[in-house]
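**Student:**
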Amino acid sequence: MTTNEILPRWDNTTEYPSFTSKEWTADIDAVKAAITKITANMKNFAPQLTNPQEPLPPHALEGMQETLFISSEAMLLLYNLSSYASFEFSLDSKNVEAEKMYSYLYKDMFSQFEIAMTPLNLFLSKTSDENFAQFFKAEKIKDYSFHYSRSRMKKDHLLSEKEEEIMSTLRKDGHTSWGNLYSSISSSARVKINHPSYPEPTSIAVAFGNTQGSDEALRKASWEGIQNTWKEHQQTAAAIVNALAGWRHDVNNLRSTPTKKLDFLDEPLHSNRIKAETLQAMIDACSDYRPKIQAAAKTMAKYYGKKQLDPWDLVAPAPIKSETGLTFKESFKQVKDAFTHMDPTFGEFAQMMLDKNWIDMSIRPNKRNGAYCGGFSKSRSPRVFMTFSGSSQNTSTLAHELGHAYHNWVMRDMTKISTMYTMSLAETASIFAEQTLFDYQISTAKSKDEVLDVYWSIAEGAVSLLLNIPTRFEYEKNFYEKRKAGYVNPDELTGLMNDAYTKWYGDSLSQPDPMFWATKLHFSMSGLSFYNFPYTFGYLFSLSLYARKDEWGKDFSAKYTAILRDTGMMTAEDLVQKHLGEDITDKKFWMKALDTVAVKLEEFNKL
Ligand SMILES: [Zn+2]
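According to my numbering, the residues represented by the sequence shown are 287 to 893, in order.
#1: With which residues is C572 paired in a DSSP beta bridge?
#2: Starting from the Cα of A581, find the closest Cα among P603, S794 and M639 and give me that residue.
#3: Output the distance between the C-alpha atoms of T336 and K329, rounded to the nearest integer angstrom.
#4: Give the DSSP-derived three-state secondary structure of P756 in the structure shown.
#5: Quick one: what does DSSP say T488 is sitting in, helix, strand or coil?
#6: Comparing C-alpha positions only, which one of K506, G465 and I452 sits nearest to V477?
#7: Judging by CA-CA distance, which residue of W516, A493, V537 and E518 is the nearest neighbour of S508?
#8: Report the rounded CA-to-CA distance for H690 versus S716, giving the unit in angstroms.
#9: With distance defined between alpha-carbon atoms, name the residue in L347, Y575 and S463 nearest to M877.
#10: Among the residues of its own chain, which have a CB less than 8 angstroms from the CB of N480, if the five just before and after it don't count?
#11: Is E746 near ligand 1 - that is, is its Cβ less than 6 angstroms away from at least one heavy atom of it?
#12: Rounded to the nearest angstrom, how far is the Cβ of A636 from that of K622, given a contact under 8 angstroms?
#13: Hey, would you say the C-beta of S376 is under 6 angstroms away from at least one heavy atom of ligand 1?
#14: Which same chain residues end up closer than 6 angstroms to H808 when comparing Cβ atoms and leaving out the 5 residues on each side of it in sequence?
#15: Taking DSSP's pairing of strands, which residues face V883 in a bridge?
#16: Are the stretch 345-359 and the stretch 387-396 touching by the rule of at least three beta carbon pairs closer than 8 angstroms?
#17: Tell me, please, whether the stretch 825-844 touches the stretch 495-505 by the rule of three or more beta-carbon pairs shorter than 8 angstroms.
#18: Beta carbon of F550, beta carbon of Y766: below 7 angstroms?
#19: Within its chain, find whatever has a CB closer than 7 angstroms to the CB of L565; leave out the 5 residues flanking it on each side and keep chain order.
#20: By Cβ distance, which residues of its chain are closer than 6 angstroms to K617, with the 5 residues on each side in sequence left out?
#21: Entirely within the stretch 389-448 and at least 4 residues each: give me those alpha helix (DSSP H) ranges in chain order.
#22: When you compare only the Cα positions, how much space is there between I649 and A657?
#23: Within the same chain, show all residues whose beta-carbon is closer than 7 angstroms to that of Y773, passing over the 5 residues directly before and after it, in chain order.
#24: Measuring CB to CB, does W310 end up less than 7 angstroms from N643?
#25: Can you tell me whether K886 is buried or exposed, with buried defined as 16 or more other CB within 10 angstroms of its CB?
#26: So is the beta-carbon of E720 under 6 angstroms away from any non-hydrogen atom of ligand 1?
#27: Taking A685 and A624 to be in contact with their CB atoms under 8 angstroms, please state how far apart those CB atoms are, rounded to whole angstroms.
#28: Among E450, L595, D442 and G532, which one has its Cα closest to the Cα of S542?
#29: Would you tell me roughly how many angstroms separate the C-alpha atoms of F305 and Y370, rounded to the nearest one?
#30: Measuring CA to CA, which of S357, E291, S454 and K458 is closest to K426?
#31: Would A771 be called buried (16 or more neighbouring beta carbons within 10 Å of its own) or exposed?
#32: Using 8 angstroms as the threshold, is the stretch 799-808 in touch with the stretch 822-832, meaning 3 or more CB pairs across them?
#33: Does the separation of the CB atoms of Y388 and S372 fall below 7 angstroms?
#34: Relative to the C-alpha of L363, which residue among I870, S796, K835 and S665 is closest?
#35: So, helix, strand or coil for L795, using DSSP?
#36: If you follow the beta strand (DSSP E) that V670 is part of, which residue opens it and which one closes it?
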């Protein structure tokens, strides 16, 4: 990479010139006015809202439809405002104004909005089928029907209004606090790394960063340091996961009815809009392919001069000579050419993102780490956030994020609510874009190292999504089962984790990652459980679309776009049935996708 290259920067002034601009103030005021109006309407229609089974008189019907419409407009503004605040904060983590506004929007505005909408949301969950059907006949809100019909599926599990209120009040200092406790330990704990470059203890984040580096001695020492740190905190870490799981079991028991008992997977499946049979079919298929993925892990080990991978190698880079590095221009060109090769409109889209200043790759002193794709909901324009490094990994991240941006772009004329896809389908376009880049890079590689570098990314992705994610799922499922019988102590948690590693990695790994139940944030989040299987789902689903590209030929672009446009309005089962005519509750669907991975891994093993 050249030091004086001008890197692309965002121009977000088209949305708001600043936090003090009249445009910003106008949108804030509009949201406040909408909340006031919604609250007043809820009072006016209280008699109907509290008797959801009664037929709706016309004036109440129209008034409530209008209220939902007002809320949809306000929501659009709220998203727009918070995008701007979070983008400004990402560019400069010391921007106090941005931080203040972001927290104001999240802590005050969003929660006021939600409280104002609660009576209508409850009404739409509980009302009769006749009222529901009549309600969504109105053109300007009809797109909300799918969203609310999903909430209605849970209506038998709602408690009384008073009980729901008590539960959300207790949640703040109960359930949510456990997740916060985890975050505060992981940001304040110190790691002692037994390596000359670390005479003083450092943070967990720095130690984890070292495990992604090319220096094996440092990787090992950092991994061991993280293990030791969490071992010191293992009683607290165990208390956190036990409390979170125990709370979820209790809530499920309270919400269970004599005819339908709720279990720990119901909520994660519901929020990902997939069926239990689908998840089972996918996991079973992955299980059958374990030997093939393990073989690739062993090939990776060979490149490190080992028989088996060590747990500190799992996120390590390809062991090739230090890269010469790319300029941004070269990196962007690779992505654009790969996209154009797939479909000219993809390439044009990438160029438009650059020309419109919707990509930020700049290097700034207080810029946040990481990469993401976001967007403005008023102008429906996507934004890609990254920091340029010149590595080949950086190029594939650019393709990945531009894939997300494309997904949002093809839905720009749709109502916001119908574009809200779940995590299981969120990675469809990003992984598709990555695969597009990989295939193009392989076909145009100029050296053996370049080829190896691409295959390494493919193999590492497969090991991560087809062995590591299933390991996490296996552990978490077994832990939730065991938690039903009572407290699970740190030794037992370690035992469950070790068993899961052994089952999925077999002999491709020298030893399990025993403290992973504590070191991995995802097991200790209060907002979500089972933050794992949707990754594998998205990966395999995207690969199964990718495998169709030749078969679709000249219809490819139209078909692909049509699928992306439906991701926010359908369950995954219905989406695949409609567009591919296939049944994802059948293991065979997943095996076809896994076959495409196996072919690539076979190439990698042969290199
Ligand atoms: Zn992504």
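Each residue gets a CB set at the ideal place from its N, CA and C atoms; glycine is no exception.
**Tutor:** Let me spell this out:
#1: Per DSSP, none; premise fails for C572.
#2: The shortest Cα separation from A581 among P603, S794 and M639 belongs to S794.
#3: Taking the Cα positions, T336 is about 11 angstroms away from K329.
#4: In the three-state scheme derived from DSSP, where H, G and I count as helix and E and B as strand, P756 is classed as helix.
#5: For T488, the three-state secondary structure derived from DSSP is strand.
#6: Among K506, G465 and I452, the Cα nearest to that of V477 is on K506.
#7: Comparing Cα positions, the closest option is A493.
#8: Answer to the nearest angstrom: the Cα atoms are 5 angstroms apart.
#9: When only C-alpha atoms are compared, the closest one is Y575.
#10: Cβ neighbours of N480 beyond the five flanking positions: A507, E510 and G511.
#11: Judged by the Cβ position, E746 fails to qualify as a neighbour of ligand 1 at the 6 angstroms threshold, every heavy atom of the ligand being at least this far.
#12: The pair is a contact, with the Cβ atoms about 5 angstroms apart (cut-off 8 angstroms).
#13: The answer is no for S376.
#14: So the qualifying residues of the chain are Y817.
#15: None, per the DSSP bridge assignment.
#16: Because the criterion of three Cβ pairs below 8 angstroms is not met, the stretch 345-359 and the stretch 387-396 do not touch.
#17: No, the stretch 825-844 does not touch the stretch 495-505.
#18: Contact flag set, yes.
#19: Within its own chain, the residues whose Cβ lies closer than 7 angstroms to the Cβ of L565, once the five positions on either side in sequence are excluded, are L555 and F819, listed in chain order.
#20: Here residue 617 turns out to be Ser, not Lys, going by the sequence shown. T681.
#21: Counting only runs of 4 or more, we get 397-412, 415-421 and 431-438.
#22: Near 13 angstroms, if we compare the C-alpha coordinates of A657 and I649.
#23: Sequence-distant partners of Y773 (beyond 5 residues in either direction) whose C-beta falls short of 7 angstroms from its own C-beta, in its chain, are N528.
#24: No.
#25: Its Cβ being crowded by 16 or more others within 10 Å, K886 is buried.
#26: Short note on E720: C-beta not closer than 6 angstroms to any heavy atom of ligand 1.
#27: The C-beta separation of A685 from A624 comes to about 7 angstroms, placing the pair in contact by the 8 angstroms criterion.
#28: Residue D442 is the option with its Cα nearest to S542.
#29: Distance from the CA atom of F305 to the CA atom of Y370, rounded to whole angstroms, is 9 angstroms.
#30: Looking at the Cα atoms, S357 is the closest of the given residues.
#31: Classification of A771: exposed, given that the 10 Å Cβ count is below 16.
#32: Judged by Cβ distances under 8 angstroms, the stretch 799-808 makes no contact with the stretch 822-832, as fewer than three pairs qualify.
#33: Between Y388 and S372, the C-beta gap is smaller than 7 angstroms, which places the two residues in contact.
#34: Nearest option by C-alpha distance: S665.
#35: Strand, per DSSP.
#36: In this chain, the beta strand (DSSP E) harbouring V670 covers S667 to F671.
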